[in-house]
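Sequential numbering from 786 applies to the sequence shown in this note's numbering.
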Amino acid sequence: MIEAKKTSIPSHIGIIMDGNRRWAKERNLPTFEGHQKGYEKMKIAPEWFFSRGVKILSLYAFSTENWNRQQDEVNYLMKLLQFAVEFSLLEQAKKNGYKVLISGRFEELPGDLPVKCLAIMTETKANNRGTLNICLNYGGRVEIVDAVRKMIKNKVELEQVHEGIIKKYLYHGDLSDPDIIVRTSGEQRLSGFLMWQSVYSELFFIKKYWPDFEELDAEIVLKEYAERKRRYGA
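Pasting the structure below:
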(Lines of atoms letter the chains of each structure in order from A and count residues from 1; the text may use other names and numbers.)
(Lines give C-alpha, C1' and ligand atoms only; values in the text may rest on other atoms or scores of the structure.)
Protein backbone atom coordinates (compact mmCIF):
# COMPACT_ATOMS: atom_id res chain seq x y z
CA MET A 1 0.00 0.00 0.00
CA ILE A 2 1.24 3.46 -0.90
CA GLU A 3 1.30 5.65 2.18
CA ALA A 4 0.34 9.31 2.21
CA LYS A 5 1.09 11.63 5.12
CA LYS A 6 -1.92 11.56 7.39
CA THR A 7 -1.67 15.31 7.95
CA SER A 8 -1.88 15.87 4.18
CA ILE A 9 -5.02 13.91 3.38
CA PRO A 10 -7.23 16.14 1.22
CA SER A 11 -10.63 16.92 2.67
CA HIS A 12 -12.30 17.24 -0.74
CA ILE A 13 -11.37 15.47 -3.98
CA GLY A 14 -13.04 16.11 -7.32
CA ILE A 15 -12.84 13.60 -10.18
CA ILE A 16 -13.69 14.13 -13.83
CA MET A 17 -14.54 10.57 -14.80
CA ASP A 18 -13.41 10.64 -18.43
CA GLY A 19 -12.70 7.98 -21.02
CA ASN A 20 -15.63 5.55 -20.89
CA ARG A 21 -16.29 5.71 -24.63
CA ARG A 22 -12.64 5.46 -25.64
CA TRP A 23 -12.20 2.52 -23.27
CA ALA A 24 -15.00 0.70 -25.09
CA LYS A 25 -13.81 1.69 -28.57
CA GLU A 26 -10.27 0.39 -27.99
CA ARG A 27 -11.78 -2.97 -27.02
CA ASN A 28 -14.22 -3.06 -29.95
CA LEU A 29 -17.11 -2.91 -27.50
CA PRO A 30 -20.33 -0.87 -27.70
CA THR A 31 -20.20 2.56 -26.08
CA PHE A 32 -22.81 1.38 -23.59
CA GLU A 33 -20.40 -1.16 -22.12
CA GLY A 34 -17.88 1.59 -21.46
CA HIS A 35 -20.48 3.57 -19.54
CA GLN A 36 -21.56 0.45 -17.62
CA LYS A 37 -17.97 -0.26 -16.61
CA GLY A 38 -17.48 3.39 -15.67
CA TYR A 39 -20.61 3.30 -13.54
CA GLU A 40 -19.34 0.22 -11.70
CA LYS A 41 -16.21 2.17 -10.76
CA MET A 42 -18.28 5.19 -9.72
CA LYS A 43 -20.20 2.95 -7.34
CA ILE A 44 -17.16 1.55 -5.52
CA ALA A 45 -14.71 4.48 -5.71
CA PRO A 46 -16.21 6.50 -2.82
CA GLU A 47 -15.27 3.81 -0.33
CA TRP A 48 -11.65 3.85 -1.56
CA PHE A 49 -11.40 7.51 -0.59
CA PHE A 50 -13.63 7.71 2.49
CA SER A 51 -11.83 4.77 4.08
CA ARG A 52 -8.60 6.78 3.80
CA GLY A 53 -9.89 9.91 5.47
CA VAL A 54 -11.27 11.95 2.59
CA LYS A 55 -14.47 13.75 3.65
CA ILE A 56 -15.97 14.84 0.31
CA LEU A 57 -15.79 13.24 -3.13
CA SER A 58 -17.26 15.17 -6.06
CA LEU A 59 -17.79 13.21 -9.27
CA TYR A 60 -18.55 14.75 -12.68
CA ALA A 61 -21.21 12.33 -13.92
CA PHE A 62 -23.11 14.19 -16.67
CA SER A 63 -22.50 17.71 -17.97
CA THR A 64 -24.95 20.15 -19.53
CA GLU A 65 -22.98 19.66 -22.78
CA ASN A 66 -23.50 15.89 -22.76
CA TRP A 67 -27.03 16.35 -24.08
CA ASN A 68 -25.39 16.93 -27.48
CA ARG A 69 -24.40 13.26 -27.72
CA GLN A 70 -26.39 10.72 -29.73
CA GLN A 71 -29.89 10.22 -28.38
CA ASP A 72 -29.53 6.48 -27.75
CA GLU A 73 -26.38 7.11 -25.68
CA VAL A 74 -28.08 9.85 -23.67
CA ASN A 75 -31.11 7.61 -23.06
CA TYR A 76 -28.85 4.81 -21.81
CA LEU A 77 -27.01 7.18 -19.47
CA MET A 78 -30.30 8.44 -18.05
CA LYS A 79 -31.44 4.86 -17.35
CA LEU A 80 -28.09 4.07 -15.75
CA LEU A 81 -28.26 7.16 -13.56
CA GLN A 82 -31.82 6.39 -12.51
CA PHE A 83 -30.83 2.87 -11.49
CA ALA A 84 -27.92 4.37 -9.54
CA VAL A 85 -29.87 6.91 -7.51
CA GLU A 86 -32.89 4.68 -7.01
CA PHE A 87 -31.17 1.41 -6.13
CA SER A 88 -27.47 0.53 -6.24
CA LEU A 89 -25.87 3.83 -5.25
CA LEU A 90 -28.48 4.35 -2.58
CA GLU A 91 -27.74 0.91 -1.16
CA GLN A 92 -23.99 1.61 -1.15
CA ALA A 93 -24.49 4.93 0.63
CA LYS A 94 -26.69 3.37 3.30
CA LYS A 95 -24.35 0.42 3.77
CA ASN A 96 -21.19 2.53 4.07
CA GLY A 97 -22.70 5.47 5.92
CA TYR A 98 -22.11 8.39 3.58
CA LYS A 99 -24.53 11.01 2.33
CA VAL A 100 -25.26 11.74 -1.32
CA LEU A 101 -25.74 15.20 -2.78
CA ILE A 102 -26.72 16.04 -6.36
CA SER A 103 -25.28 19.22 -7.88
CA GLY A 104 -26.71 20.61 -11.08
CA ARG A 105 -30.03 21.23 -12.77
CA PHE A 106 -31.33 17.82 -11.80
CA GLU A 107 -34.91 19.12 -11.82
CA GLU A 108 -34.64 19.22 -15.64
CA LEU A 109 -33.81 15.52 -15.94
CA PRO A 110 -36.35 13.27 -17.66
CA GLY A 111 -39.04 11.12 -16.08
CA ASP A 112 -38.99 10.74 -12.33
CA LEU A 113 -35.22 11.18 -12.06
CA PRO A 114 -35.67 14.55 -10.30
CA VAL A 115 -37.83 12.86 -7.66
CA LYS A 116 -35.29 10.07 -7.22
CA CYS A 117 -32.47 12.62 -6.85
CA LEU A 118 -34.37 14.37 -4.07
CA ALA A 119 -35.12 11.01 -2.47
CA ILE A 120 -31.51 9.83 -2.31
CA MET A 121 -30.44 13.14 -0.75
CA THR A 122 -33.23 12.93 1.81
CA GLU A 123 -32.62 9.27 2.69
CA THR A 124 -28.88 9.74 3.22
CA LYS A 125 -28.75 13.23 4.74
CA ALA A 126 -28.12 11.93 8.28
CA ASN A 127 -25.08 9.88 7.23
CA ASN A 128 -21.78 11.40 8.30
CA ARG A 129 -18.96 9.12 7.19
CA GLY A 130 -18.43 11.14 4.03
CA THR A 131 -20.21 13.13 1.35
CA LEU A 132 -20.56 11.96 -2.24
CA ASN A 133 -21.39 14.97 -4.41
CA ILE A 134 -22.60 13.84 -7.84
CA CYS A 135 -22.50 16.58 -10.47
CA LEU A 136 -25.44 15.72 -12.70
CA ASN A 137 -26.69 17.91 -15.55
CA TYR A 138 -23.95 20.18 -14.26
CA GLY A 139 -21.89 22.97 -15.75
CA GLY A 140 -19.63 25.42 -13.95
CA ARG A 141 -20.93 28.45 -15.84
CA VAL A 142 -24.52 27.27 -15.41
CA GLU A 143 -23.94 26.98 -11.65
CA ILE A 144 -22.76 30.59 -11.47
CA VAL A 145 -25.69 31.75 -13.64
CA ASP A 146 -28.12 29.93 -11.33
CA ALA A 147 -26.45 31.49 -8.29
CA VAL A 148 -26.85 35.00 -9.76
CA ARG A 149 -30.49 34.30 -10.62
CA LYS A 150 -31.21 33.19 -7.06
CA MET A 151 -29.49 36.30 -5.70
CA ILE A 152 -31.63 38.53 -7.92
CA LYS A 153 -34.77 36.61 -6.95
CA ASN A 154 -33.91 37.11 -3.28
CA LYS A 155 -33.25 40.81 -3.94
CA VAL A 156 -29.65 40.77 -2.75
CA GLU A 157 -28.47 44.39 -2.70
CA LEU A 158 -25.40 45.55 -4.64
CA GLU A 159 -23.39 46.31 -1.49
CA GLN A 160 -24.15 42.81 -0.20
CA VAL A 161 -22.45 41.08 -3.14
CA HIS A 162 -19.08 39.53 -2.24
CA GLU A 163 -17.33 36.19 -2.71
CA GLY A 164 -18.88 34.69 0.40
CA ILE A 165 -22.46 35.34 -0.59
CA ILE A 166 -21.89 34.09 -4.13
CA LYS A 167 -20.52 30.84 -2.69
CA LYS A 168 -23.59 30.63 -0.46
CA TYR A 169 -25.83 30.61 -3.54
CA LEU A 170 -23.95 27.85 -5.37
CA TYR A 171 -25.62 24.43 -5.53
CA HIS A 172 -24.15 23.26 -2.23
CA GLY A 173 -22.36 26.32 -0.95
CA ASP A 174 -21.54 24.76 2.41
CA LEU A 175 -19.12 22.27 0.83
CA SER A 176 -15.44 23.12 1.08
CA ASP A 177 -13.55 23.81 -2.14
CA PRO A 178 -11.82 20.78 -3.68
CA ASP A 179 -8.22 20.37 -2.56
CA ILE A 180 -7.33 18.41 -5.66
CA ILE A 181 -9.13 17.69 -8.93
CA VAL A 182 -8.29 14.54 -10.88
CA ARG A 183 -9.11 13.90 -14.53
CA THR A 184 -8.69 10.50 -16.10
CA SER A 185 -8.09 9.64 -19.79
CA GLY A 186 -5.12 11.94 -20.38
CA GLU A 187 -7.16 15.04 -21.23
CA GLN A 188 -5.80 18.10 -19.43
CA ARG A 189 -8.69 20.51 -18.93
CA LEU A 190 -11.47 21.03 -16.39
CA SER A 191 -14.36 21.30 -18.86
CA GLY A 192 -16.35 23.57 -16.58
CA PHE A 193 -16.04 21.34 -13.50
CA LEU A 194 -16.46 23.32 -10.26
CA MET A 195 -15.31 26.56 -11.91
CA TRP A 196 -15.86 28.80 -8.90
CA GLN A 197 -14.57 26.29 -6.36
CA SER A 198 -11.43 25.14 -8.20
CA VAL A 199 -9.41 28.38 -8.27
CA TYR A 200 -6.78 26.99 -5.88
CA SER A 201 -7.30 23.28 -6.40
CA GLU A 202 -4.32 21.14 -7.23
CA LEU A 203 -4.73 19.47 -10.63
CA PHE A 204 -3.71 15.89 -11.38
CA PHE A 205 -4.14 14.25 -14.79
CA ILE A 206 -4.07 10.48 -15.16
CA LYS A 207 -3.65 8.80 -18.54
CA LYS A 208 -5.73 5.71 -17.86
CA TYR A 209 -9.43 5.74 -18.65
CA TRP A 210 -11.99 5.91 -15.86
CA PRO A 211 -13.13 2.27 -16.27
CA ASP A 212 -9.51 1.24 -15.53
CA PHE A 213 -9.31 3.32 -12.34
CA GLU A 214 -8.42 1.08 -9.39
CA GLU A 215 -7.97 1.34 -5.64
CA LEU A 216 -4.23 1.71 -6.18
CA ASP A 217 -4.95 4.84 -8.21
CA ALA A 218 -6.84 6.30 -5.25
CA GLU A 219 -3.71 5.79 -3.19
CA ILE A 220 -1.60 7.39 -5.93
CA VAL A 221 -3.86 10.46 -5.87
CA LEU A 222 -3.41 10.79 -2.11
CA LYS A 223 0.34 10.35 -2.40
CA GLU A 224 0.52 12.96 -5.14
CA TYR A 225 -1.43 15.43 -3.03
CA ALA A 226 0.77 14.79 0.02
CA GLU A 227 3.82 15.75 -2.04
CA ARG A 228 2.34 19.05 -3.26
CA LYS A 229 2.98 22.34 -1.49
CA ARG A 230 -0.03 24.61 -1.71
CA ARG A 231 0.71 28.34 -1.73
CA TYR A 232 -2.66 29.99 -2.41
CA GLY A 233 -1.00 32.80 -4.35
CA ALA A 234 1.61 33.54 -1.67
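For each residue, glycine too, the CB sits at the ideal point set by N, CA and C. Predicted model, so just to flag it, every value in this text is computed and none were measured.
Item to check | Residue nearest to residue 950 in terms of C-alpha spacing, selected from 854, 962, 963 and 933 | outcome: 933
Item to check | Distance between residue 795 and residue 1015 (C-alpha atoms, nearest Å) | outcome: 12 Å
Checklist entry - Quick one: Cα of residue 1002 to Cα of residue 939, how far? => result 44 Å
Next on the checklist: Spatial neighbours of residue 801 within its chain, please: C-beta separation below 6 Å, excluding the five flanking residues on both sides.
Outcome noted: 845, 968 and 978
Checklist entry - Given a threshold of 16 other Cβ atoms within 10 Å of its Cβ, counted over all protein chains shown, does residue 996 qualify as buried or as exposed? => result buried
Item to check | Helix, strand or coil at residue 790 according to DSSP, with G and I counted as helix | outcome: With a pLDDT of only 45 at residue 790, under the threshold of 50, the placement of this residue in the model should not be trusted, and no figure is reported.
Next on the checklist: Can you give me the C-alpha to C-alpha distance between residue 823 and residue 948, rounded to a whole angstrom?
Outcome noted: 35 Å
Checklist entry - When the Cα atoms are used, what is the spatial distance from residue 820 to residue 805? => result 5 Å
Item to check | Sheet register partners of residue 989 (DSSP bridge) | outcome: 967
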